[in-house]
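Under my numbering, the first residue of the sequence shown is numbered 63, with each subsequent residue one higher. Working notes for the structure below.
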Amino acid sequence: MLEVTPQRLQEVKKTTLFVGGMTCAACVRRVENALRDLPGVQEASVNFAASRATVAHNPLEVDAAAFRKVLEDTGYQYLGLMEETPDDPLLEANRREIRDLKLRLIVGAVLNVFIMAGSMPHLVPFLMAIPHEWMLFALLVLTTPVVFWVGSRFMMGALKATRQKTADMNTLVALGSLSAYFYSAAATIFPTFFAKAGYELHVYYDGAAMIVTLVLLGRFLEMKARGRTSEAIKKLMQLAPKTARVVRDGQEVEVPVDTLVPGDLVLVRPGERIATDGKLESGSSTVDESMLTGESMPVNKTAGSEVFAGTVNQGGSFMFTATKVGAETVLAQIIRLVEEAQGSKAPIQRFADRVASVFVPVVMALAAATFIVWGFVVDDADLSRALLNFVSVLIIACPCAMGLATPTAVMVGTGLGAESGILIKGGESLEKACHLTTVVFDKTGTLTRGKPDVTDILTVKDTDQGSLLKWAASLEAVSEHPLARAIVSRARQEEERLEPVFEFEALAGLGARGEVQGQEVLVGSARLLGEKGVDMDSLTREADAMLAVGRTCVFVAVQGKAVGALCLADAPRESSREAIETLKSMGLKVAMISGDREETARVVARELGVQRVLAEVLPDQKATEIRRLQESGEIVAMVGDGINDAPALAAADVGIAIGAGTDIAVEASDVTLMRDDLRLVPAAIQLSSMTMKIIKQNLFWAFFYNSLGIPVAAGVLYPFFGILLNPMFAAAAMALSSVSVVSNALRLRWVWQRHKMN
């Protein structure tokens, strides 16, 4: 039995649901409100473009059954939980919907040809012989299936909205098409009533049928385009193999990947994808990790190296031990992050949602006012003209494009980021990143490699560099100190043969001593050699010069005589200077924060072109420094390694963690870079700016394009230019606005690819 404690009652779980049947921004608002009304739900956010709802809730108070019930009661489809569904149910649901839309479109288009011909018989000579009354009844018969079967989704959607005491784009389409249809049907069945009332008999079967068909065409094109916005997720999901070859009881067996457990010994052959995360046990190879890091160069793997699910073995066979399986793998975490990002809302979308919530009622009021004015107020009041204008206003103002304006762009932007090795947590992070004024880099492990390298070798007269390296590296090979490893690494690069060491002694905090080739060798600080009585006058001047530029010097003495010094430094990453120059060219201020001495930090800053240095700052004080910058009016991004920089990453307006893969990096940062390339920092900011530009363009088309059409549809231009907007053209304009919004979001891919090439 589950024990319920106060702590468990406060637990919050994030659950993502697949939701079917949403058609516009009003549907999004309706689903969000329904989910928020459930007990235990703290927040609900719906992504219209991805047909997903992310709910923050207490799992002890609300479960999947409650989600299903509230969605179905509201008139939508519950398609399952993301965590329980290995394959995206929306893919098959979208395929079915596209097939259904295609069939209805074909039927609607064929019937529209006959309806248009019957509505304009003077253009088809043999139809002139058919009596007018018969033709009207034929048009009624042909139009009825178009309005009520081809356009059934709009009618059902309007009915759902009415039951919920609200209105949406389906309401507008249904009102417009039904108004034209029923008016025409009344004129066909009761022509004498219109004749007695003094109205000239007009029918608008062509308008009713064409409205439904054109809006359905827009929906069909929109569905096809929306399917392309989630390509990044589909590509990532396809990377993981379905089976793995494991060694169990001494036998090689092929098993489904979802049955792997930590500790399994997995065999990988050349050309195969790696099934799960693990550590290489035997063999060696090169692995293509571009799907994780975006880096095209393969990575050498030997015993002890980490391997990751979805990457491709390019060289020899090897065996590895599974360490992470299922949802714990790096690939699974990336998929989860991208899905959450694509389901999130940017602040600008919340503004759009608020506008959409009042847009439909306002449009309906404007349409009603238009009908009253044209039907009863103007001098040449005409019921037919009033109906046409009423229908045109309803149709052209349909707000379906509003629901697509932001999420489609966010989906494409975050997907492109994932493909480039940039994981963006969501729309809010995207929006913040384009407003940054200052980028602060951590020094050690971020701007620099985080490990020392031998930069200079100082020797006294009659001592060559090779001998000095051999003595020092032979002694240091026994030590695990980072400086010792750097010295040994340099000796191996120079192909110096290391000699055996006898009577080795580690001198805590000072260095080490031992016997190499029968000679006593000391390696360590100046203090060590001074305590041993070694004269270092011959090295002091050069060593002081190296210390002044931030180098660390390790001195070497043989048989009580100083023979040289090895100077080490934490070298900058190759990408650091280029990244900083790019940021400065974008008009951003760049600062560096470090716990090192002021002199050492400034040496690195000068080398990289960083003007502002925050030195001698302890890890727990970095967040305070970030807040000081924010208090001075700066919008700050913090770039760190995601471990000791976690508080500063969380405090910054945008936290950017490099060297991804650690849980802390993922949790503390807004943006996670999948490889140690600082050029991805300006790339992430540029991608943010491009995405926000697309979003603003989309909102312009969604709001202003249709809004500018409303006065024309209402007949404002008629007294001056004799222009009225035919409902068919209004329907085409409305459909075009939705398609243009989605197409513009997809254009971001082309813009980003062109930017990367330049």
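Glycine included, C-beta positions come from ideal geometry on N, C-alpha and C.
- Contact between R659 and A677 holds, with the beta-carbon distance rounding to 7 angstroms and staying under 8 angstroms.
- DSSP lists M654 as the beta-bridge partner residues of V675.
- The beta carbon of L163 sits closer than 7 angstroms to those of L278, R281, F282 and M285, all from its chain and outside the five residues before and after it, given in chain order.
- Linking I747 to D268 through their CA atoms gives a straight-line distance of about 50 angstroms.
- Under the three-pair Cβ rule at 8 angstroms, the segment 512-521 does not count as touching the segment 778-787.
- Residue range D339 to G345 is occupied by the beta strand (DSSP E) that includes D339.
- When DSSP reads this structure, R554 sits in no beta bridge, so it has no partner.
- Taking every protein chain shown into account, the CB of H119 has 16 or more other CB atoms within 10 angstroms, so this residue is buried.
- With a cutoff of 8 angstroms on beta-carbon distance, G340 and T383 are scored as near each other.
- Judged by DSSP in its simplified three-state form, G784 adopts coil rather than helix or strand.
- Contact between L740 and S637 holds: their C-beta atoms lie close to 4 angstroms from each other, under 8 angstroms.
- In this structure, the beta-carbon distance from F433 to F421 does not fall below 8 angstroms.
- For the 8 angstroms CB-CB criterion, A633 and D515 form a contact.
- In the structure shown, D135 falls within a helical segment according to DSSP collapsed to helix, strand and coil.
- At a Cβ-Cβ threshold of 8 angstroms, S113 and V81 count as neighbours.
- If the five residues before and after S379 are omitted, its C-beta is found closer than 6 angstroms to the C-beta atoms of R331 and G345, all from its own chain and listed in chain order.
- One alpha carbon belongs to T662, the other to V611, and they sit about 7 angstroms apart.
- Shown here for R157: not one same chain residue has a beta carbon closer than 7 angstroms to its own, the five before and five after excluded.
- Inclusion of L735 and G483 in the CB contact set at 8 angstroms is warranted, their separation being smaller than that value.
- Excluding sequence positions up to five before and after A548, its CB lies within less than 8 angstroms of the CB of K513, P514, D515, V516 and L630, all in the same chain and listed in chain order.
- The C-beta distance from N760 to A394 rounds to 31 angstroms, too long to meet the 8 angstroms contact threshold.
- Inter-segment contact for the segment 93-101 and the segment 132-144 is present: three or more beta-carbon pairs are separated by less than 8 angstroms.
- Unbroken beta strand (DSSP E) stretches of 3 residues or longer found wholly inside the segment 497-546: 500-504 and 515-521, given in chain order.
- Listed in chain order, the non-local C-beta contacts of L189 below 6 angstroms within the same chain comprise P183, local neighbours out to five positions each way being set aside.
- The shortest CA-to-CA distance from R737 to any of A427, L141, F438 and E351 is the one to E351.
- Unbroken beta strand (DSSP E) runs of no fewer than 3 residues, entirely contained in the segment 619-645, are found at 623-631, following chain order.
- Spatial neighbours of G437 in its own chain (CB-CB distance under 7 angstroms, excluding positions within 5 residues in sequence) are listed in chain order as A443, L445 and A448.
- V175 sits away from V274, with the two beta carbons spaced by 8 angstroms or more.
- Under DSSP, K76 forms a beta bridge with A118.
- Taking 8 angstroms as the cut-off, the beta carbon of A588 is found no closer than this to the beta carbon of E538.
- Per DSSP, reduced to three states, the secondary structure at V774 is helical.
- Contact between A306 and L342 does not hold, since their C-beta atoms are separated by about 15 angstroms, which reaches or exceeds 8 angstroms.
- Per DSSP, the unbroken beta strand (DSSP E) holding I718 starts and ends at V716 to A719.
- According to DSSP, residue pairing for V563 in a beta bridge involves V578.
- By the C-beta criterion, the segment 584-598 is judged not to be in contact with the segment 491-502, since fewer than 3 inter-stretch pairs fall below 8 angstroms.
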